[in-house]
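Per the UniProt record's numbering, the very first residue in the sequence shown carries number 1; after that it's consecutive.
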Amino acid sequence: MIIEYHRPKTLEEALGLLQRPQPPTLPLGGGTTLSRLKEPDCAVVDLQALGLNQIMLQGNILKIGATVTLQQLIDYAGLRPDLVLAARKETTFNLRQRATVAGSVVSGDGRSPFLAALLALDATLLWMPREQVESVGDFLALRGRRPQKGLLITELRVATNVNFKYEAVARTPEDRPIILVAVAKWPSGRTRVVVGGFGKTPRLVMDGPDASGSQVALRSVLQDADDEWASAAYRQEVAQVLLSRCMSVL
(Lines of atoms letter the chains of each structure in order from A; the text may use other names.)
(Lines give C-alpha, C1' and ligand atoms only; values in the text may rest on other atoms or scores of the structure.)
Protein backbone atom coordinates (compact mmCIF):
# COMPACT_ATOMS: atom_id res chain seq x y z
CA MET A 1 0.00 0.00 0.00
CA ILE A 2 1.23 3.50 -0.82
CA ILE A 3 1.45 5.44 2.43
CA GLU A 4 3.15 8.60 1.11
CA TYR A 5 3.21 10.38 -2.24
CA HIS A 6 5.86 12.96 -3.13
CA ARG A 7 6.31 15.03 -6.30
CA PRO A 8 9.71 16.75 -5.94
CA LYS A 9 10.76 19.54 -8.27
CA THR A 10 14.52 18.86 -8.15
CA LEU A 11 16.68 15.79 -8.58
CA GLU A 12 18.39 16.50 -5.26
CA GLU A 13 15.05 16.46 -3.44
CA ALA A 14 14.06 13.21 -5.15
CA LEU A 15 17.34 11.52 -4.23
CA GLY A 16 17.00 12.68 -0.63
CA LEU A 17 13.60 11.02 -0.39
CA LEU A 18 14.82 7.80 -2.00
CA GLN A 19 17.77 7.62 0.42
CA ARG A 20 15.62 7.75 3.56
CA PRO A 21 15.95 4.68 5.79
CA GLN A 22 12.20 4.62 6.42
CA PRO A 23 9.66 4.21 5.01
CA PRO A 24 10.73 2.17 1.97
CA THR A 25 10.61 4.68 -0.89
CA LEU A 26 10.33 3.85 -4.57
CA PRO A 27 10.56 5.97 -7.74
CA LEU A 28 7.38 6.43 -9.75
CA GLY A 29 7.59 7.09 -13.48
CA GLY A 30 4.60 6.04 -15.53
CA GLY A 31 3.17 3.81 -12.81
CA THR A 32 2.85 0.66 -14.93
CA THR A 33 5.66 -1.11 -13.06
CA LEU A 34 4.77 0.09 -9.59
CA SER A 35 1.20 -1.14 -9.97
CA ARG A 36 2.53 -4.72 -10.11
CA LEU A 37 4.76 -4.50 -7.05
CA LYS A 38 3.82 -6.31 -3.86
CA GLU A 39 5.62 -3.99 -1.45
CA PRO A 40 3.51 -4.01 1.77
CA ASP A 41 3.81 -0.33 2.72
CA CYS A 42 5.90 2.16 0.78
CA ALA A 43 6.26 5.79 -0.18
CA VAL A 44 6.54 6.82 -3.82
CA VAL A 45 8.49 9.63 -5.45
CA ASP A 46 6.82 10.88 -8.63
CA LEU A 47 9.55 11.77 -11.14
CA GLN A 48 7.35 13.62 -13.61
CA ALA A 49 8.41 17.13 -12.54
CA LEU A 50 12.17 16.51 -12.85
CA GLY A 51 12.53 17.12 -16.57
CA LEU A 52 13.70 13.58 -17.27
CA ASN A 53 11.38 13.27 -20.27
CA GLN A 54 13.73 14.72 -22.89
CA ILE A 55 15.44 13.05 -25.85
CA MET A 56 18.71 14.55 -27.08
CA LEU A 57 21.16 13.52 -29.78
CA GLN A 58 24.78 14.20 -28.82
CA GLY A 59 27.19 13.10 -31.52
CA ASN A 60 26.28 9.49 -32.29
CA ILE A 61 24.72 8.90 -28.87
CA LEU A 62 20.98 9.23 -28.29
CA LYS A 63 20.35 10.30 -24.69
CA ILE A 64 16.88 9.30 -23.53
CA GLY A 65 15.54 10.63 -20.24
CA ALA A 66 14.36 8.02 -17.76
CA THR A 67 10.71 9.14 -17.85
CA VAL A 68 10.45 9.28 -21.64
CA THR A 69 7.51 7.04 -22.50
CA LEU A 70 7.72 4.25 -25.02
CA GLN A 71 5.28 6.08 -27.28
CA GLN A 72 7.33 9.27 -27.04
CA LEU A 73 10.39 7.29 -28.11
CA ILE A 74 8.49 5.68 -30.98
CA ASP A 75 7.44 9.13 -32.20
CA TYR A 76 11.00 10.47 -32.12
CA ALA A 77 12.20 11.20 -35.66
CA GLY A 78 15.29 9.32 -36.77
CA LEU A 79 14.97 6.27 -34.53
CA ARG A 80 16.00 3.08 -36.30
CA PRO A 81 12.91 1.30 -37.71
CA ASP A 82 13.50 -2.00 -35.91
CA LEU A 83 14.04 -0.25 -32.57
CA VAL A 84 10.69 1.45 -33.18
CA LEU A 85 9.22 -1.98 -33.92
CA ALA A 86 10.62 -3.47 -30.71
CA ALA A 87 9.24 -0.60 -28.63
CA ARG A 88 5.85 -0.88 -30.34
CA LYS A 89 5.67 -4.63 -29.71
CA GLU A 90 6.43 -4.12 -26.01
CA THR A 91 2.85 -3.41 -25.00
CA THR A 92 -0.45 -1.87 -26.08
CA PHE A 93 -0.82 1.69 -27.34
CA ASN A 94 -2.54 2.82 -24.14
CA LEU A 95 0.19 1.41 -21.91
CA ARG A 96 2.92 2.85 -24.16
CA GLN A 97 1.55 6.28 -23.29
CA ARG A 98 2.51 5.64 -19.65
CA ALA A 99 5.30 3.07 -19.60
CA THR A 100 8.72 4.73 -19.31
CA VAL A 101 12.02 3.55 -20.75
CA ALA A 102 13.60 3.21 -17.29
CA GLY A 103 10.61 1.30 -15.93
CA SER A 104 10.76 -1.04 -18.92
CA VAL A 105 14.42 -1.80 -18.20
CA VAL A 106 13.81 -2.37 -14.50
CA SER A 107 10.80 -4.64 -14.96
CA GLY A 108 11.21 -6.19 -18.41
CA ASP A 109 11.31 -9.99 -18.64
CA GLY A 110 12.66 -12.40 -21.23
CA ARG A 111 9.72 -11.76 -23.55
CA SER A 112 10.39 -8.01 -23.69
CA PRO A 113 11.22 -6.91 -27.26
CA PHE A 114 12.39 -3.48 -26.07
CA LEU A 115 14.73 -4.89 -23.44
CA ALA A 116 16.15 -7.36 -25.96
CA ALA A 117 16.81 -4.49 -28.37
CA LEU A 118 18.63 -2.46 -25.71
CA LEU A 119 20.74 -5.46 -24.75
CA ALA A 120 21.72 -6.07 -28.38
CA LEU A 121 22.59 -2.39 -28.87
CA ASP A 122 24.73 -2.46 -25.70
CA ALA A 123 22.76 0.49 -24.31
CA THR A 124 23.90 2.07 -21.06
CA LEU A 125 22.19 3.54 -17.99
CA LEU A 126 23.20 6.65 -16.07
CA TRP A 127 22.73 6.27 -12.31
CA MET A 128 22.55 9.18 -9.91
CA PRO A 129 23.88 10.46 -7.55
CA ARG A 130 27.06 8.55 -8.39
CA GLU A 131 26.99 9.54 -12.08
CA GLN A 132 27.79 5.90 -12.76
CA VAL A 133 27.38 4.57 -16.30
CA GLU A 134 26.42 0.89 -16.47
CA SER A 135 25.57 -1.29 -19.44
CA VAL A 136 22.08 -2.75 -19.61
CA GLY A 137 23.73 -6.17 -19.77
CA ASP A 138 25.62 -5.65 -16.50
CA PHE A 139 22.46 -4.33 -14.85
CA LEU A 140 20.40 -7.35 -15.92
CA ALA A 141 23.06 -9.77 -14.70
CA LEU A 142 22.68 -8.41 -11.15
CA ARG A 143 19.08 -7.20 -11.22
CA GLY A 144 17.33 -7.99 -7.95
CA ARG A 145 20.53 -9.25 -6.31
CA ARG A 146 22.15 -6.02 -5.18
CA PRO A 147 20.94 -3.02 -3.17
CA GLN A 148 19.77 -0.03 -5.20
CA LYS A 149 18.30 2.04 -2.40
CA GLY A 150 18.87 5.74 -2.95
CA LEU A 151 19.95 5.27 -6.57
CA LEU A 152 18.01 6.48 -9.58
CA ILE A 153 18.29 5.86 -13.31
CA THR A 154 18.13 9.28 -14.96
CA GLU A 155 19.15 8.48 -18.53
CA LEU A 156 19.38 5.73 -21.11
CA ARG A 157 22.04 6.00 -23.83
CA VAL A 158 21.95 4.26 -27.21
CA ALA A 159 24.51 4.50 -30.01
CA THR A 160 23.02 5.64 -33.33
CA ASN A 161 25.85 4.49 -35.61
CA VAL A 162 24.91 0.83 -35.15
CA ASN A 163 22.88 -1.22 -37.61
CA PHE A 164 20.08 -3.11 -35.88
CA LYS A 165 17.61 -5.79 -36.86
CA TYR A 166 14.81 -7.45 -34.88
CA GLU A 167 12.81 -10.55 -35.82
CA ALA A 168 10.24 -12.44 -33.76
CA VAL A 169 7.49 -15.04 -33.82
CA ALA A 170 4.35 -14.71 -31.69
CA ARG A 171 1.04 -16.56 -31.53
CA THR A 172 -0.76 -13.51 -32.92
CA PRO A 173 0.60 -10.21 -34.29
CA GLU A 174 -0.37 -8.45 -31.06
CA ASP A 175 1.07 -11.04 -28.66
CA ARG A 176 4.47 -10.83 -27.05
CA PRO A 177 7.00 -13.10 -28.78
CA ILE A 178 7.61 -16.73 -27.93
CA ILE A 179 10.96 -16.45 -29.70
CA LEU A 180 12.85 -13.33 -30.79
CA VAL A 181 16.28 -12.51 -32.15
CA ALA A 182 17.88 -9.07 -32.05
CA VAL A 183 21.18 -8.33 -33.78
CA ALA A 184 23.33 -5.19 -33.67
CA LYS A 185 26.33 -4.62 -35.94
CA TRP A 186 28.86 -1.81 -35.50
CA PRO A 187 30.85 -0.16 -38.34
CA SER A 188 33.92 -2.05 -37.08
CA GLY A 189 32.12 -5.36 -37.65
CA ARG A 190 31.48 -5.97 -33.95
CA THR A 191 28.28 -7.99 -33.65
CA ARG A 192 25.98 -8.67 -30.71
CA VAL A 193 23.22 -11.28 -30.90
CA VAL A 194 20.42 -11.49 -28.33
CA VAL A 195 17.65 -14.07 -28.04
CA GLY A 196 14.43 -13.81 -26.03
CA GLY A 197 10.83 -14.91 -25.73
CA PHE A 198 11.31 -16.87 -22.49
CA GLY A 199 12.85 -16.64 -19.03
CA LYS A 200 13.46 -13.70 -16.72
CA THR A 201 15.55 -11.62 -19.14
CA PRO A 202 16.64 -11.76 -22.77
CA ARG A 203 19.97 -13.56 -23.20
CA LEU A 204 23.15 -12.36 -24.86
CA VAL A 205 24.18 -15.06 -27.33
CA MET A 206 27.45 -13.50 -28.45
CA ASP A 207 29.44 -10.28 -28.60
CA GLY A 208 32.32 -10.64 -31.02
CA PRO A 209 34.40 -8.89 -33.67
CA ASP A 210 32.13 -10.43 -36.32
CA ALA A 211 29.18 -12.81 -36.58
CA SER A 212 31.17 -16.02 -36.90
CA GLY A 213 29.90 -18.79 -34.64
CA SER A 214 26.56 -17.10 -33.95
CA GLN A 215 24.44 -20.01 -35.24
CA VAL A 216 26.18 -22.53 -32.98
CA ALA A 217 26.09 -20.18 -29.99
CA LEU A 218 22.38 -19.53 -30.51
CA ARG A 219 21.53 -23.23 -30.52
CA SER A 220 23.55 -23.72 -27.33
CA VAL A 221 21.82 -20.87 -25.48
CA LEU A 222 18.40 -22.31 -26.36
CA GLN A 223 19.07 -25.82 -25.03
CA ASP A 224 17.08 -25.12 -21.85
CA ALA A 225 14.43 -22.83 -23.34
CA ASP A 226 11.40 -25.02 -22.55
CA ASP A 227 8.30 -23.42 -21.05
CA GLU A 228 4.51 -23.45 -21.38
CA TRP A 229 4.69 -21.44 -24.62
CA ALA A 230 7.12 -23.51 -26.67
CA SER A 231 9.71 -26.28 -26.54
CA ALA A 232 13.45 -25.72 -26.66
CA ALA A 233 13.63 -27.71 -29.91
CA TYR A 234 11.05 -25.46 -31.55
CA ARG A 235 12.84 -22.33 -30.40
CA GLN A 236 16.20 -23.65 -31.62
CA GLU A 237 14.78 -24.32 -35.08
CA VAL A 238 12.89 -21.04 -35.48
CA ALA A 239 15.63 -18.89 -33.97
CA GLN A 240 18.06 -20.07 -36.65
CA VAL A 241 15.68 -18.79 -39.32
CA LEU A 242 15.21 -15.47 -37.52
CA LEU A 243 18.96 -15.04 -37.12
CA SER A 244 19.51 -15.71 -40.82
CA ARG A 245 16.92 -13.07 -41.67
CA CYS A 246 18.64 -10.54 -39.45
CA MET A 247 22.10 -11.28 -40.81
CA SER A 248 20.94 -11.08 -44.42
CA VAL A 249 20.19 -7.36 -44.12
CA LEU A 250 23.06 -6.25 -41.88
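Where is the CB? At the ideal position from N, CA and C, for every residue including glycine.
Whole-Å CB distance - residue i paired with residue j, under 8 Å assumed
i           : j           : result
residue 3   : residue 23  : 6 Å
residue 111 : residue 198 : 7 Å
Where residue i falls, given that 16 or more other Cβ within 10 Å makes a residue buried
i           : result
residue 113 : buried
residue 109 : exposed
residue 93  : exposed
residue 5   : exposed
residue 154 : buried
residue 19  : exposed
residue 133 : exposed
residue 233 : exposed
residue 72  : buried
residue 162 : buried
residue 141 : exposed
residue 62  : buried
residue 172 : exposed
Residue i versus residue j - alpha carbon distance
i           : j           : result
residue 9   : residue 50  : 6 Å
residue 30  : residue 160 : 26 Å
residue 204 : residue 74  : 24 Å
residue 239 : residue 185 : 18 Å
residue 16  : residue 150 : 8 Å
residue 67  : residue 200 : 23 Å
residue 1   : residue 44  : 10 Å
residue 78  : residue 237 : 34 Å
residue 26  : residue 80  : 32 Å
residue 189 : residue 210 : 5 Å
residue 243 : residue 13  : 46 Å
residue 175 : residue 208 : 31 Å
residue 202 : residue 222 : 11 Å
Element boundaries [alpha helix (DSSP H), containing residue i]
i           : result
residue 94  : 93-96
residue 81  : 81-90
residue 205 : Careful: residue 205 lies outside any alpha helix (DSSP H), inside the beta strand (DSSP E) at 203-208.
Run of the beta strand (DSSP E) containing residue i, from where it starts to where it stops
i           : result
residue 136 : Careful: residue 136 lies outside any beta strand (DSSP E), inside the alpha helix (DSSP H) at 136-142.
residue 234 : Run containing residue 234: none in the beta strand (DSSP E); it sits in the alpha helix (DSSP H), 232-248.
residue 27  : 25-28
residue 281 : Nothing can be reported for residue 281, as the shown portion of the chain is limited to 1 through 250.
9 Å Cβ cutoff met for residue i and residue j
i           : j           : result
residue 130 : residue 179 : no
residue 106 : residue 65  : no
residue 84  : residue 115 : no
residue 96  : residue 124 : no
residue 249 : residue 218 : no
residue 216 : residue 195 : no
residue 119 : residue 157 : no
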